[in-house]
Structures are given as structure tokens and as C-alpha cells.
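The numbering of the sequence shown is UniProt numbering, which starts it at 1 and goes up by one. Heads up, the beta-carbon is just placed ideally off N, CA and C, and yes, glycines get one too. Data block below; observations after.
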Amino acid sequence: MERASYLDKLNDNQRAAVTFGTGEPPGPLLVIAGAGSGKTSTLAHRVAHLVVNGADPRRILLMTFSRRAASELTRRVERITAAALGTGIAAEALLWAGTFHGIGARILRDNAAAIGLDPDFSIHDREDSADLMNLCRHGLGLSQTASRFPAKSTCLAIYSRKINSEAPLGDVLRDHFPWCAQWETELKRLFGAYVEAKQAQNVLDYDDLLLAWAQVMADPGFAAHVGGAWDHVLIDEYQDTNRLQARILMALKPDGRGLTVVGDDAQSIYAFRAATVRNILDFPGSFAPPADVITLDRNYRSTQPILAAANAVIGAARERFTKDLWTERASAERPQLVTYATEADQARHVVDRVLEDRETGTTLKEQAVLFRTSSHSAQLEAELTRRNVPYVKFGGLKFLDSAHVKDLLAMLRLGRNPRDRVAGFRVLQLIPGVGPKAAGHVLDALDLAPDPRAALRDVAPPPRSGSDWPAFVAAMTTDAPWPAALDKARDWYDPHLARLHEDSEARRGDLDQLAQIAGGYASAEKFLTDLTLDPPDATSDQAGVPLKDEDYLILSTIHSAKGQEWRSVHVLNCVDGCLPSDLGTGTTDEVEEERRLLYVAMTRAKDRLSLGVPQRFYVTHQSRNGDRHIYSLRTRFIPAGILDRFEVTHWSPARVGEVPRPAPAPIDIAAQMRDMWA
Ligand code: ATP
Ligand code: MG
């Protein structure tokens, strides 16, 4: 067979990875290489190559870190196969492309009966989980105010870290939450109660999707059943997986046959969620014979000055496996370090620059502004809105946190799983006259019923619920198909929305937007799962219509920007206290992770990169020291001399080190205006 043309575009190592071992179930393969070296592109080509050579796309499992990344990979595979075969594979053929958590939810639901789960389980997001943790804490009398017991979100963070790292609780406390170490006994009790509550309520939290999956995979028969569904398992961004994920993977393909993982240890940025770079470093030795390792050394993304700056930042890292990359993309334009007086100056100047670049031919979509924490884009968003510049913020759909949206989602959840107490307390108390006590009675009754959905119809109405109760029950137990079930919930909720909120008109707009998103889903379950695991993007358009055909600027946290690239990238707040963040315990490991974060940010840029340093920086994100201004310094990660330095005061760029220009003569504008009438 003549060589497929898509192979010609690859370099030798990429081609070796793409064609590695096809023909029989190939042995395990690791591709480890720096940013922009074509790892994701190689992975897409490999999937396409497998399909072109006869692999069944329905028997390929493709996992990466976000739904966006998964669907981009799928689209790329489709394009390559279409070009090679004349006909593409249908989008639906790659049935199994997604995130670990999303795929986990599917496996657990599909096999619920076999593993003793109720298939209607609800999935709690972090906030719901923290609320349930709180209910348990109160149940045990571990009140925060009386004893300074850790806050609910801290309890959840400790729990989550323990689950995902599979480390003993004592170690987790000592290493990551030393200020909570005195509470070890109480925390153990609390976590026990939390797990019991989840089971009684038929609820899984985010971590359970991995934990339960990993646990059932310990059964060899079940593991063979699940693993046998796929001939090939391919994973991108493997450096950001945790021990549970590695365990799942090894159980899926114990001999490593059909397994391909790609990643870059220098871009590992999820240790704070218990990801461990050991997974990628230990991968080859996990098999006998060991996995093949292919490295890539040419960067195709960034210009030489950008790559040199990024290499200088990561070059000072304590440990690193991947080597520096080289590029043929020469450019005279060096990345810039821009100093501003305030964050407001930074926001104004960045918008100026973005618009200038658009004038000279770089569309908004080819530009991105990145930041450490979601809240750091507030001033920028305000400035963009003021100046009518459309934007999309990755994963930033804010209204998901607002009361009215949560109310409606809780109704959907309760309708499917009336044992979900967090949803139950929220929804039942929407009914006038129903307080926590009455809600608790209803939920207790549902708890005991063999069929809680049927029981919801028959349960005694709470004492003062009045005429609203029958309508409520009808809305919650409707047999209307999806998405009409959502309309039923909305119809019941609408008068309450008006009663509870003065700005109910605006909130109705949010619910319209939610309904629009819901319309794109085949079932309530898929809709709720996606919304919980991977929130949609926010858009600057108030109507909330996705800005599909329009040009818009990308705003993203650095974490969500992983794997992406833009012609021009602005990184906000490159100051000590923000990058590295001062939130953690400040251990060397944590600081090193922040260095890799900056490396990830810088390596997103193809042609232009600017790093912003506001000198007065407001720390708003749940700092343990409270909100405050800090007078900041440029991040310690940027060595002197690798960037062009600019200073923007009053936001007109003036080059640092230029010959100082004489100040213009003062003007007395008031006198001039008076003179006009003299
Ligand atoms: P990251 O570490 O950031 O995830 P990556 O290693 O996955 O990066 P890709 O995103 O796959 O890198 O590729 C970076 C860019 O280089 C893309 O625009 C891609 O199309 C381009 N590229 C990759 N390989 C080649 C090649 N052989 N020839 C030309 N361009 C290439
Ligand atoms: Mg990639």
C-alpha cells in the first residue's frame, strides 16, 4: 500500500509514534515531549492511522483533560481520516472520547446493576459535596464556630486529596493541611459519615467517579469485561493524572497492549488535585517488557524568542525529564514584560493591544488572555464589556453558581433521585411555609421508602405547604420526555422566582440560556453530568447565545488553557503572590508547580507574548489572610534579560531605559477656556 499522505507531514519521531506497532495489538507506548512539539497532533494522527488501517473506531477509548480537548481531538481525527479515505468516519463512531470522569460516569451507569449501584445516582459538584459535608459535620456536632474545626470546603479538599492520592489521611494532613492535623480523629469520623450519607442518598461525588471505577476494576472479571470493550486506549496530558487514574488504566490493559499515553512532565500542573508526575515517569517500567518511549524535540508552535523565554523559566526547575526544544520559527519580536501601576491599567492596556492586533490582522479568536485564577479576569471583563469587545471565557459560565440556576438544577436532580438530600433541602424550602425541619421530615420519609419516586407522590404534604404541594409533586414526578421535563420544572418554579428575587427578569434570561443548553442534550442525565463535570463557557453576550460565527477574544485560566495555542497571548498578574500564588503552604513542591504553570502559559503563544506586572495587586481569591492589596514584584520565575521590558503608567507605553523625554510644558486649560471669552 502506498504511504498515506498524512504521514508525509510528520517528522521522523512523530511518524514512528503514529505508526508504532500497528497490525497486531501493539505494545504500550509513551510519547513524552515538551510543549508544542506535536504530541496531541501525533495522538490524533495515530488514532486516524489505526482507523485507516482497519481499527474499529467504536473500540477506541480516547481520554484527555476536558470535553473541549476531547471534541477537538475527535474533529482532528475525522479530518485526517476524511482526507485519507475520501470519506471521514462519522463523529458518533468515536463513541468513547471524553474525560476520565465523564467516561467513569458512563461506565458506572451502564454497569450499575452489576456493581450494586442505583443507575439513577446523582453526581454532586464540589459545592454540593461541601454542603453534604456540612450536613454530616452538624450531624456529628463538629461545629466550626465552637471548636475552630476546619470549614466545609477545607474538609472536602482534605477528603478529595486523600482519595485521589491514595495516601494515609495522616500524611495528607501533615504534607498539605498541617493546620488541620490536630483534627485527624474527628476528620476520620466525619469522612466515614460523609461516605455513608452519599450511599444512603444514592449520590456520587466528583472523586467517586474515579474511586468507584478503580474499585470495581479490582475485580478481574469486571476489569476484563470493561477493558475488553476497547482494542486501543489512548490518553493525552498523561502527566496530569492521579494514582486512581493510573490504576484504572493498568486494570483496563494489564499487559499494556493497545495502550498509548502522551504528556510532558514539565507541564504537570494538577498536583494540587493529587495528580502525580510519577505516573508518566513510571509508565515504561510498569510493563514487562517495558513500554517503548518516543521523544519529540522540535517545537512547531512558538517563535524562537518565545521558546527561549519559556525554556529559561523551566530551565531553572528542580527536576525535569523532557529536554529543551528547538524551533525554526525565527522572529525579531521578543516577548514583553509590561509593568503597570494598577490592575485597571493592565486591563485597559491589554484591551488596547488586543484591538490594535485585530486592526493589523490578528482576529480576536487568535488571541487569548490568561490568568492564574478565574476571579482575576473581573477588571478585564468589565473593560471588554465597556468597549463592546465580544469574548468567551473558558469554563466560566458564572450563572451556574447563582441561586436560581442551582434551584432549577436541584429540581431536576431531585426528580430523578428523591434521596438526594442536598437537592431536597434546597428545593423543598422553595415552597412557602416549608423550613428545614419540615423538609427534613419529607426527606426522612422518602429515605425509608423502597421506591422514593413513587413515595414522593404519596408522602404526607408538609404542614403549611398549602395548595402549592400538588403542583410541586406533579412537576417533580412528571413523565414528560426530555427536555420538556425541564419546562415543567420551570413552570412550577416561575412564580417562586418572581417572589424570591427582585431582578427576576434577568434571572429568567439565565434560565432561558440554561434551557437552550439543555436542548442540545438527549437526556437529563447527560445534561446534568456534563454541567456538573465540565461547566460550559461563558460568553459576553447577555442573551447567552454561543458566539459561534462571530469573532471573539478568549479568556481562560492557565489550567483551562492547557493544550491550546493562540497567535497572541497576554498573561495577567505575573507577580509574586499570584504566580506563584500565596495560597498554598509554600513548600518547594508547590512553588515548582507554579513555575510549570507559568511555563504552560508562556508556551501557549505562537507569535506574540506579553506578561503583565501590575504593581498594586488586589488579592481577592479566598486568601487565608483575607482580601487585601499587596505591593507586588515581578514573579521570581522570570530571569532578568529574557524579555523586553516596558512600563505602562497611565497606560501609554513608554519604553524602560529609553532616553528620558522632557515633560511637556504644563497647560492651564482653565485659563485657556476663560481666555476664549475674554
Ligand atoms: P502541548 O504540550 O501544548 O499540548 P503538543 O505537544 O500537544 O503541545 P500540538 O498542539 O500537537 O503540540 O502541536 C503544536 C502545533 O504544532 C500545532 O499547531 C500543530 O499543528 C503543529 N505541528 C505539530 N507537528 C507538526 C509538523 N510535523 N509539521 C508542522 N506543524 C506541526
Ligand atoms: Mg497537546
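Straight-line Cα distance separating residue j from residue i
i, j, result
"residue 273", "residue 161", "6 angstroms"
"residue 151", "residue 114", "37 angstroms"
"residue 654", "residue 32", "Here the model assigns residue 654 a pLDDT of 38, short of 50, so the residue's position is not dependable and the matter cannot be decided."
"residue 301", "residue 324", "14 angstroms"
"residue 173", "residue 371", "29 angstroms"
"residue 497", "residue 433", "16 angstroms"
"residue 294", "residue 16", "8 angstroms"
"residue 85", "residue 233", "23 angstroms"
"residue 360", "residue 306", "20 angstroms"
"residue 68", "residue 82", "21 angstroms"
"residue 176", "residue 251", "29 angstroms"
"residue 556", "residue 66", "13 angstroms"
"residue 320", "residue 600", "14 angstroms"
"residue 538", "residue 204", "26 angstroms"
"residue 107", "residue 437", "37 angstroms"
"residue 680", "residue 420", "Since the displayed the chain opens at 1 and closes at 678, residue 680 lies outside it and no answer follows."
"residue 131", "residue 211", "20 angstroms"
"residue 223", "residue 260", "18 angstroms"
"residue 12", "residue 296", "9 angstroms"
"residue 164", "residue 330", "43 angstroms"
"residue 47", "residue 96", "12 angstroms"
"residue 521", "residue 527", "6 angstroms"
"residue 598", "residue 310", "8 angstroms"
"residue 243", "residue 249", "10 angstroms"
"residue 326", "residue 304", "8 angstroms"
"residue 298", "residue 228", "36 angstroms"
"residue 633", "residue 587", "20 angstroms"
"residue 156", "residue 111", "27 angstroms"
"residue 624", "residue 195", "In this prediction, residue 624 has a pLDDT of 49, which is less than 50 and means its spatial position is unreliable; what the coordinates show is noted afterwards. C-alpha separation (whole angstroms): 28 angstroms."
"residue 71", "residue 89", "14 angstroms"
"residue 18", "residue 217", "29 angstroms"
"residue 188", "residue 288", "39 angstroms"
CA nearest to the CA of residue i, picked from the options
i, options, result
"residue 532", "102, 596, 43, 137", "102"
"residue 637", "387, 178, 577, 126", "577"
"residue 14", "26, 25, 110, 40", "40"
"residue 336", "642, 25, 393", "642"
"residue 405", "260, 197, 390, 427", "427"
"residue 123", "386, 257, 198", "198"
"residue 268", "7, 640, 591, 136", "591"
"residue 257", "235, 266, 231", "231"
"residue 635", "559, 313, 345", "313"
"residue 484", "523, 448, 502, 452", "523"
"residue 615", "344, 56, 129, 357", "344"
"residue 240", "633, 596, 617", "596"
"residue 286", "246, 266, 316, 263", "246"
"residue 563", "5, 73, 187, 450", "73"
"residue 4", "58, 53, 187", "53"
"residue 572", "348, 284, 117", "348"
"residue 400", "534, 525, 166", "534"
"residue 190", "6, 139, 206, 617", "139"
Neighbourhood of residue i by C-beta distance below 7 angstroms, restricted to the same chain and skipping five residues each side
i, result
"residue 456", "418, 446, 473, 476, 477"
"residue 536", "397, 517"
"residue 20", "26, 29, 292"
"residue 121", "202, 203, 204, 417"
"residue 514", "405, 408"
"residue 170", "184"
Other residues of its chain near residue i: CB distance less than 6 angstroms, five sequence neighbours each side excluded
i, result
"residue 567", "362, 366, 606, 607"
"residue 679", "Summary: the structure shown does not reach residue 679, with the chain confined to residues 1 through 678, and so no result is reported for it."
"residue 338", "610, 612, 646, 648"
"residue 377", "371, 555"
"residue 153", "130"
"residue 543", "Low confidence applies to residue 543: its pLDDT is 42, below 50, so where it sits in the model is not reliable, and the reading given next is rough at best. Within the same chain, residue 543 has no close Cβ partners at all."
"residue 551", "363, 364, 365"
Residue-level contact to chain D via CB, residue i, 8 angstroms cutoff
i, result
"residue 313", "No chain D is present in this structure, which holds just one protein chain."
Closer than 7 angstroms: residue i CB and nearest ligand 3 heavy atom
i, result
"residue 331", "Judged by which ligands are present, ligand 3 is missing from the structure shown, whose ligands are ligand 1 and ligand 2."
Contacts around residue i, its chain only, beta-carbon distance under 8 angstroms, and the 5 residues preceding and following it disregarded
i, result
"residue 553", "354, 364, 365, 367, 368, 369, 384, 389, 390, 391, 392"
"residue 499", "432"
Beta strand (DSSP E) runs wholly inside the region 74 to 132, at least 3 long, in chain order: Counting only runs of 3 or more, we get 96 to 99, 122 to 124.
Alpha helix (DSSP H) runs wholly inside the region 277 to 304, at least 4 long, in chain order: DSSP runs (the alpha helix (DSSP H)) wholly in the region 277 to 304: 278 to 282.
Residues near ligand 2, criterion Cβ-heavy atom distance below 5 angstroms: Near ligand 2, residues with a Cβ at less than 5 angstroms from any of the ligand's heavy atoms are 39, 40, 563; the list follows chain order.
Start-end ranges of the alpha helix (DSSP H) lying completely within the region 399 to 450, minimum 4 residues: Taking only runs of at least 4 residues, the alpha helix (DSSP H) segments lying wholly in the region 399 to 450 are 403 to 416, 421 to 428, 436 to 448.
Inside the region 314 to 376 only - beta strand (DSSP E) runs reaching at least 3 residues: Within the region 314 to 376, the complete beta strand (DSSP E) runs of at least 3 residues fall at 336 to 342, 367 to 371.
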